[in-house]
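Structure first, then comments.
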Amino acid sequence: MLGRTLADFEKDMTRCARCSLCKWPPLAQVKSIRFSQVCPAISHYNFHSYSGGGKMIIGLSRLKERVDYSDEMLDVIYRCSVCGACDISCKYNRDLEPLEVLHTLRATCVRDGVAPLAAHRPLLDSMRNYDNVWMQPRKKKASWARKVDVADAARDGCDTLYFVGCTYALRPEMSEIARKTVRVLKGCGVDVGILGEAEPCCGSPAYTIGDEELFVEVARRNIEMLNRLGVRRVVTSCAGCFGALKTKYPLVAPLDFEVLNVTELLAELVEEGRLRFDERLDASITYHDPCHLGRQSETYRPWNGTEKKVLNHLVIHDPPREFNRGTRGVYEAPRRVLQALPGVELVEMERIREYSFCCGSGGGAKSAFPEFALATARERVEEASATGAEMLVTACPWCESNLADGAADAGSKLEVKSLIELVSRCSGGE
Amino acid sequence: MLTDDTYVELAAIVGDENVTREPAILDTYAFQYIAEMVVGDSYMGRPGAVVLPCSTEEVQAIVRLCNREGLKYKAIYTGWGAYGASPEEGMVQLDLRRMNRILEIDTRNMYAVVEPYVVGATLQAEAMKVGLNTHIVGAGANTSVLASATSVMGQGTTGVSTGFSNRNLLGFEWVMPDGEVLRAGSFEDTGEWFTGDGPGPSLRGLIRGFSGAFGGLGVFTRCAVKLYPWYGPAAVEIRGISPDYDLDIPENHSVYMVLFPGWEQMAEFGNRVGEAEISFSMCHNAAAPAMAAMTESNKEFYELWKSGFFEHMKYTLEVVLTAQSEEEFAYQEGVLRDIIRRTGGREIIGSHYDLRYFTDLVLAFARMARNAGAATTVKALTAMASMVSRSLRQGKKPDMFAKTLYLALVKQCLQARGIFRFGGSFWTSMGGLTSWDCCIENAKEGERIKRRWIENGVLMDDGAENAWGGLYESGCYGHLEELGVYDQSDPVCREGSLGFVIETVKSTIENHLAFSLNAVGDPMHAAYGPNVYNYHHHLASIKEEFDPDDLSEAAFYINRRRTEEFIKVLESGEDIDLKM
């Protein structure tokens, strides 16, 4: 949610029972001691303050002015990938909003002028100045598509806009995924177009870092532009962009288009028989659920009611309030696509779907605390390796990049791949 | 007071990254569940520093340093509850989170050796892989196995077949209050932890007794706990997405919630099933928490509860059977159903869908409807039909209640849903170990007292009957504690909820009911001690012998002077004040 203050969450923060449920997967899902932690931050830094519940307490202490801002306090708040695993585990049992508190705590830091951190400022400046997070000139945003035959959505119109995202568009080592996405979609007869140089940043990093003002500015501008295009749907292959467009944009303004992740569209195409696979892969694969494609892909329904108490102290909400518990995340579509690939054996890690262990890249962690991000990726790679899989597949450039770093750092032989790459390979592409 | 020099020494022991005195971090240790009942605020005293040792040697060095510098210290394990903190500021808080290994699972002698941060869920997951299981306390699978075995009371729903934490302790490694390390039980002599009682004297009674020292008697760094056979799969496979998980109840397992006409029949059933030694789990969850566990939100709970019908789902016991073979299962279920019949029970939830079950279900509803009246029943049926219809549309199956109940009882994973979700917090009273029949008297009295605290608006109206507990060691004894739900953010509750506890404590004394499981800290010892063989003298002597300088923070253990002062207050006719 946007525009909230810590005071809005005072009751939630006070009602934290400090039970530590936010540190484990939903308890029913604990499968071993080795992979029993779900929060990257507390796993790495260990002080309770790093857990979801710990940050609820910090929010309360700040609200009550028990503590002043300090560098160490900011470190605690930002050494977190805001992956939302704490939120899911808490909400398996409770009606509280830890993730909203985490976000509001960051937004409060920004409003109070003590954040963004120095490491995050260049990224946000780049968003402001260049419409991307990689400090690249705008015209470079179209470089990836130079050799791709694809419609210009603004000029030619199209049914489906492929929103590529800064990373696939501007990181040369990842741009091939964008090209393959277009080829696969076009090969299936999807009327797809792109924005090229005109594609803006989705604004997701501004939201996760807590710069709501910048995020709203970017989102509002993007929504107006996308609504004007008149496309039926916008498809992203970046989970970060998907999370922003699908779950945060509706809080800013109504969308005249449907938002899909490419894995959803691919699953649909497979089911319709429009996407067929002729090449065998013959590999054992495990799939990593990106946070913004999985548990964080539910749109918040704006709720401005009041808390009501019945039976003296039973807390309910008037009008009734829907909690996002990760139930409606995109979990099955990527798995259906992978299982449709000839010769693929899908083996699951212990922490999956709504209680997936984060790759460690999100929330500004990779840019500000690379060691933490890397350690988190190593942990995930170890979990993937424990399945015996040869490949760790995901559907997010941030996850892919960080997990690849983690595998390299761990000296793992595990190949980290994008789902699109495998789809392309099995459908006759390169 | 912690000086800069001492802080540097702490850092030298554990490394710079494992010690802090940042106020924002310290506050996350001061903020504690039920702090409002102890000190009237959400925060206990802020520690002077928090340290994260990773070994017994580091714990020992910290304790020795605190002794040298005259600093109070206290360890937390998972750190859930005000008793992990201190009402006063400035102590050194040891967070044992980094000591998180299962050191051994001995399948032959059926025990596990664990470090402090191993929780019920993780030990159970590993034990089940080798055909064993662990007792998990009622607080849930997110709590430290070692903490409940060595330092806190530890009853859980499988106690009828797995005993409980106090009794499952087979040995421990103890950094004593002065920093010396002692290992008790058979380990020191044999290298194996198969018994806690020697060679040599057992120290279990000394270090923990009934309630445990709540961190007031040094630090426990390892312990061995007894494991029990698990006649089930290596893992209970769960399907679906939170919060509604689905599963197949394993072969030769089943779950029941049995409704009785009254307390007496429920008591009789518990005793008989205990004697028959057939059940894996047997416990009483009152209607409100049971329904809360089976609903995904307070909203969904209230839609069902507001009709008033389910308040009549009273006098129930929940049972899980786990057998090694089809024949054994048939025997267990035959015996169970025979006892149900003889005690007038009805299966209101079950997982064996035969004519007997459906007949019982109809009769159970008829019994509740008779008590509730026609109008209330119609309202409830409408709400249930709506919930079931919505659930079916969401793809849930009609057997979801039985499956959720099984999951809750076997994995101890829904405790917070069943009690914290309502208003935010709860506290509990009564609940000492006693005969099952006396437990029932506790529950009756708890309900009577609580009704008044509901009427005056301090506690949530959960139907008043909200006893929780079960039977232990084949029904040799049991415990039923009375839960009072409140909202810790509400000044009415912050001010008043302690009153409910005080009244129940007095009642247990006046009516010769079981010692309260809340009997921790000096005010409680003052209330109970003179009525129970002056046990507080013995407790104080233990504390003074091992910790003459009173440095192992003991606000929830004992201090002779403070206890005696409280006794004088009580003797003068003044009321007990439990706030510290």
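Protein chains in written order, with our numbering: chain A, 8 to 437; chain B, 461 to 1040. Glycine residues also receive a C-beta, built at the ideal position from the N, C-alpha and C atoms. What you are looking at is a predicted structure, and each value in this text was computed from that prediction instead of being measured.
Nearest in C-alpha terms to Leu999 (chain B), of all of B:Ala752, B:Gln784, B:Leu919, B:Arg668, is B:Arg668.
Annotation: Ile565 (chain B) has no Cβ neighbours in chain A at a cutoff of 8 angstroms; minimum Cβ distance is about 10 angstroms.
Note that the C-beta distance between Asn602 (chain B) and Pro576 (chain B) is not below 9 angstroms. In its chain, beyond the 5 residues on either side, Ala158, Asp198, Val199, Gly200, Val238 have a beta carbon closer than 7 angstroms to the beta carbon of Cys165 (chain A). For a Cβ distance threshold of 7 angstroms, residue set His320 of chain A lies close to Cys953 (chain B), ordered along the chain. Rounded to whole angstroms, the separation of the alpha carbons of Phe789 (chain B) and Tyr99 (chain A) is 32 angstroms.
With a threshold of 9 angstroms between beta carbons, Cys898 (chain B) makes no contact with chain A. A check of alpha carbon separations from Gly700 (chain B) across B:Leu821, B:Met497, B:Lys1003, B:Thr864 identifies B:Thr864 as the nearest. Secondary structure note for Gly833 (chain B): it is in no beta strand (DSSP E), with a DSSP letter that is neither H nor E.
Identification of chain B residues near Tyr99 (chain A) by a Cβ-Cβ cut-off of 7 angstroms yields Ser702, Pro703, ordered along the chain. If you look at Arg240 (chain A), you'll find it isn't in any alpha helix (DSSP H); it sits in the beta strand (DSSP E) that goes 240 to 243. Checking the DSSP bridge columns, you'll see Cys743 (chain B) partnered with B:Glu778, B:Gly930. Judged by DSSP secondary structure, Cys97 (chain A) falls within the alpha helix (DSSP H) whose first and last residues are 92 to 98. Among the residues of chain A, those whose CB is under 8 angstroms from the CB of Ser949 (chain B) are Glu17, Lys18, Thr21, Arg22, following chain order.
Counting C-beta pairs closer than 8 angstroms gives three or more between the stretch 774 to 788 of chain B and the stretch 865 to 872 of chain B, which meets the contact rule. Taking C-beta separations shorter than 7 angstroms and ignoring five residues to either side along the sequence, the partners of Leu630 (chain B) in its chain run Tyr571, Gly645, Trp653, Phe654, Thr655, Gly656, Ala684, Val685, Lys686, following chain order. The beta carbons of Gly196 (chain A) and Arg302 (chain A) sit no closer together than 9 angstroms.
Taking the C-beta atoms as reference points, Leu288 (chain A) is found nearer than 9 angstroms to Pro349 (chain A). DSSP places Phe42 (chain A) in no alpha helix (DSSP H); its state is neither H nor E. The distance from the Cβ of Met134 (chain A) to that of Gly210 (chain A) is about 7 angstroms, consistent with a contact at the 8 angstroms cut-off. With a threshold of 9 angstroms between beta carbons, Cys366 (chain A) makes no contact with chain B. For Arg682 (chain B), the three-state secondary structure derived from DSSP is strand. Beyond the five residues adjoining it in sequence on each side, Gly917 (chain B) comes within less than 7 angstroms, by CB distance, of Val952 in the same chain, given in chain order. In this structure, the CA atom of Gly66 (chain A) is about 40 angstroms from the CA atom of Glu1034 (chain B). Close partners of Ala48 (chain A) in chain B (Cβ separation under 7 angstroms) are lacking, with about 12 angstroms as the shortest Cβ gap. Residue contact check for Ala152 (chain A) against chain B: no CB pair falls below 9 angstroms. Taking 3 residues as the shortest admissible run, the stretch 507 to 561 of chain B contains the following complete beta strand (DSSP E) segments, listed from N- to C-terminal end: 509 to 511, 533 to 536, 552 to 555.
Boundaries of the beta strand (DSSP E) around Asn268 (chain A): 265 to 268. Chain order gives the chain A residues near Lys871 (chain B) as Leu34, Ala35, where near means a beta carbon separation below 7 angstroms. The continuous stretches of alpha helix (DSSP H) do not include Thr755 (chain B), and DSSP gives it neither H nor E. A Cβ of chain B is located within less than 9 angstroms of the beta carbon of Arg69 (chain A). Leu642 (chain B) is bridged by DSSP to B:Trp634.
Between the beta-carbon of Glu1013 (chain B) and that of Met551 (chain B) there is about 5 angstroms, and that keeps the pair under the 8 angstroms contact cut. Annotation: Lys315 (chain A) to Val322 (chain A) spans about 6 angstroms, alpha carbon to alpha carbon. Relative to Gly217 (chain A), the option among A:Lys30, A:Leu131, A:Ser58 whose CA is nearest is A:Leu131. Under the criterion of beta carbons closer than 8 angstroms, Val242 (chain A) and Phe264 (chain A) do not qualify as touching, at roughly 10 angstroms.
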